[in-house]
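Enquirer: Those letters in the sequence shown? Residues 33 to 485, by the working numbering.
Note that CB positions come from ideal geometry on N, CA and C, so glycine has one too.
Being a predicted model, the structure only gives us computed values, none of them experimental.
Questions regarding the structure given below will be posed in turn.
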Amino acid sequence: MTLSRWQRDEPDWSLWTQFGMKTSTLADHKASLRCRWHWELSLPRRLVFASVVILVRAAGLYALVTSPLAHDTCREKSSAALRKDPLGIPRQTDMERLESLTGNDLTTKWTEFTKGEFKLKPFEDRDIDIAIEVCGVCASDLHTINGGWGDAPLPLCVGHEVVGKAVKVGDAVKTIKVGDRVGVGAQIQADLTCANCKADQENYCPNAVDTYGAPYKDGTLSQGGYASHIRAHEYFTFKIPENIESAIAAPMLCAGITVYSPLVRLGAGPGKKVAIVGLGGLGHYAVLWAVALGAEVYVLSHTPAKKDDALKMGAKHFIVTNEEGWEKDLNFTFDFILNTADAMHHFDMKKYFSTLKVMGRFHTVGFGDHPIPTLMAQDFAPNGCYLGASHIGNRPEMLAMLDLASKQNIKSWIEEIPISEKGCGEAVKRVSENDVRFRFVLTKFDDAFGKRS
């Protein structure tokens, strides 16, 4: 399956010559690939600055000169070449090293997308090929492409909130047939044989494969849903209930399950007081699910801006945590706190802990780019509280969540953006600016990729 490639305009390499940039490029990799929207930076893969102090004796001055050593520029390599030379994978940290260079707007390059072709892993008997209809835009996409979570292999197609039509199913597939409307979340494979998988904890499988940016056994890199198609294992492919629209369902497959799983495991329900920290993409699902499960819901936010939205979603209380003494009247109140914000590095954790009941839990699914605050063991002692985290959810939880949404007519709060180079860039940029209520969904895939089968 091959589609035309949209390539970003070549950079003006003359801009780099003043820094000693080696401007040779690698040949474009051509193979039997499928067309995807992907994020790509044309950056040098390695940049080593040698600092030389030059003494200008006549002027009596010192000048500090930085001179980069010769290095390669990075375009594309085949997966085989990348496996042979892991140090040759272009790394996002190169962008960070170049941010300060004059005349090169490198700090915004992660918002640029181009249309390209990617190699699929071999089709196996439990695999399903899906022609994508919509794909949600997750903060994980942002943290990945801007380097916040570490190095990213390039080129990379992100997106793990996928809904589309099954167009091919393997011989051993039993739960999906061609033509079914299905979804795929943030995990696309596991070994399904380890102790964790056998205990319905496949999301903690040591051999799990994330939907994008992770290697399969054959070395092929998984690529996500800003694309024409995706290939997924049956176990991580889910039928979408008929009464849930595709754009409404898509963000549930990552954001939704990420908060549904801990809510259920921590016992959200009648008689329980649950605090949700943050009312963004994750937080709005946490409120919707917790209310649907019967809990009394408090929303904790640093700003009052979203109070009306929180109450419309069913929350009973709204607490502004930037107000002095916000925690004073909440001592020993919550059965657990579910943090969905990615700004824990700004939190005074002792204040949050003080609002928990004895043996209460502070549970986070908001994974930011910075370390959490330093804590002392005795900070947990006043009420014997716990601090924990979790990663997405398992298959039974995903099916239960979709069933809950179907039966209670729960709707995602979304904004739609047609998929295109411009649309992908706009979406991730606005997510970075918290300018969304409350999830973006990329749509109109037929316009971008044509009718697919």
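(1) Alpha carbons only, please: which of Ala246, Tyr317 and Met284 is nearest the one belonging to Leu188?
(2) I'd like to know whether the C-beta of Val309 is nearer than 8 Å to at least one C-beta of chain C.
(3) If you reduce the DSSP assignment to three classes, tell me which class Tyr317 lands in.
(4) At what residues does the beta strand (DSSP E) containing Leu419 begin and finish?
(5) When you compare only the Cα positions, how much space is there between Leu436 and His316?
(6) Are the segment 449 to 463 and the segment 414 to 429 in contact at 8 Å, needing three or more beta carbon pairs?
(7) By the DSSP assignment, the beta strand (DSSP E) with Gln221 in it spans what residues?
(8) Tell me, which residues are paired with His349 by DSSP?
(9) Please report the straight-line C-alpha distance between His402 and Ala171, rounded to a whole angstrom.
(10) Please name the residue or residues paired with Asp159 in a DSSP beta bridge.
(11) For Leu298, which of Tyr418, Val241 and Phe379 has the nearest alpha-carbon?
(12) What are the boundary residues of the beta strand (DSSP E) that includes Met391?
(13) Can you have a look at Asp157 and say buried or exposed, based on whether 16 or more other CB atoms are within 10 angstroms of its CB?
(14) Assuming contact is defined by CB atoms lying nearer than 8 Å, are Ile446 and Ala279 in contact in what I supplied?
(15) Quick one: Cα of Thr143 to Cα of Glu149, how far?
(16) What did DSSP end up calling Ala307 once you bin it into helix, strand or coil?
(17) Within the segment 225 to 249, note down every full beta strand (DSSP E) run reaching 3 residues or more, in order along the chain.
(18) Count the CB pairs spanning the segment 161 to 168 and the segment 255 to 262 that are closer than 8 Å, and state whether there are at least three.
(19) Compute the Euclidean distance between the alpha carbons of Leu65 and Val216, then round it to the nearest angstrom.
(20) Can the beta-carbon of Ile308 be found closer than 8 Å to that of Ala318?
(21) Let me know the secondary structure DSSP gives Ala204 once reduced to three states.
(22) Tell me Lys271's beta-bridge partners as DSSP assigns them.
(23) For a test of the three-state rule: what should DSSP assign to Phe379, helix, strand or coil?
(24) Which word fits Gln219, buried or exposed, when buried means at least 16 other C-beta atoms lie within 10 angstroms of its C-beta?
(25) For Glu429, which of helix, strand or coil comes out of DSSP?
(26) Taking only heavy atoms of the ligand HEM into account, decide whether any of them is closer than 7 Å to the Cβ of Lys476.
Expert: With the structure as the only source:
(1) Here residue 188 refers to the residue found at position 156 of the sequence shown. Ranking Ala246, Tyr317 and Met284 by Cα distance to Leu188 puts Ala246 first.
(2) Among the chains of the structure shown, chain C does not appear; only one protein chain is present.
(3) Start at 1 with the first residue of the sequence shown, and residue 317 comes out as number 285. Looking at Tyr317 - three-state DSSP - the assignment turns out to be helix.
(4) One-based indexing of the sequence shown puts residue 419 at position 387. Note, Leu419: beta strand (DSSP E), Tyr418 to Ala421.
(5) Counting from 1 along the sequence shown, the entry for residue 436 is found at position 404. Counting from 1 along the sequence shown, the entry for residue 316 is found at position 284. Looking at the two C-alpha atoms, the distance is approximately 16 Å.
(6) no
(7) Position 189 of the sequence shown, counted from the start, is the residue given in the question as residue 221. Looking at the DSSP string, the run of the beta strand (DSSP E) that includes Gln221 is Gln219 to Gln221.
(8) Taking the first residue of the sequence shown as position 1, residue 349 is located at position 317. Its beta-bridge partners are Tyr330.
(9) The count along the sequence shown starts at 1 and reaches residue 402 at position 370. The count along the sequence shown starts at 1 and reaches residue 171 at position 139. If I take the Cα positions, the gap works out to 15 Å.
(10) Against the sequence shown, residue 159 aligns to sequence position 127. Beta-bridge pairing links Asp159 to His265.
(11) One-based indexing of the sequence shown puts residue 298 at position 266. Answer by Cα proximity: Tyr418.
(12) Looking up residue 391 in the sequence shown gives position 359. Unbroken beta strand (DSSP E) run through Met391: Leu388 to Thr396.
(13) Locating residue 157 in the sequence shown gives position 125, counting from the first residue. Result: exposed.
(14) Within the sequence shown, the letter at position 414 stands for residue 446. Within the sequence shown, the letter at position 247 stands for residue 279. Yes.
(15) Position 111 of the sequence shown, counted from the first residue, corresponds to residue 143. Position 117 of the sequence shown, counted from the first residue, corresponds to residue 149. Spanning the two alpha carbons is a distance of roughly 19 Å.
(16) Here residue 307 corresponds to residue number 275 of the sequence shown, with the count starting at 1. Here Ala307 sits in strand by DSSP.
(17) none
(18) yes
(19) To locate residue 65, count along the sequence shown from 1; it is residue 33. To locate residue 216, count along the sequence shown from 1; it is residue 184. Since pLDDT at Leu65 reaches only 32, below the 50 mark, its modelled position is unreliable, and the value read off the structure follows with that caveat. Cα to Cα, the separation comes out at about 21 Å.
(20) The count along the sequence shown starts at 1 and reaches residue 308 at position 276. The count along the sequence shown starts at 1 and reaches residue 318 at position 286. In this structure, Ala318 lies closer than 8 Å to Ile308 by Cβ.
(21) Translated into the one-based positions of the sequence shown, residue 204 becomes position 172. Three-state DSSP puts Ala204 in coil, outside helix and strand.
(22) As a position in the sequence shown, residue 271 is number 239, starting the count at 1. The partner list for Lys271 (beta bridge, DSSP) reads Val214.
(23) Here residue 379 is taken as the residue at index 347 of the sequence shown, counted from 1. Looking at Phe379 - three-state DSSP - the assignment turns out to be coil, as it is neither helix nor strand.
(24) Taking the sequence shown and counting its residues from 1, one reaches residue 219 at position 187. Classification of Gln219: buried, given that the 10 Å Cβ count is 16 or more.
(25) Residue numbering aside, residue 429 sits at position 397 when the sequence shown is read from its first letter. It is helical.
(26) The ligand HEM is not among the ligands present in this structure, which contains no ligands whatsoever.
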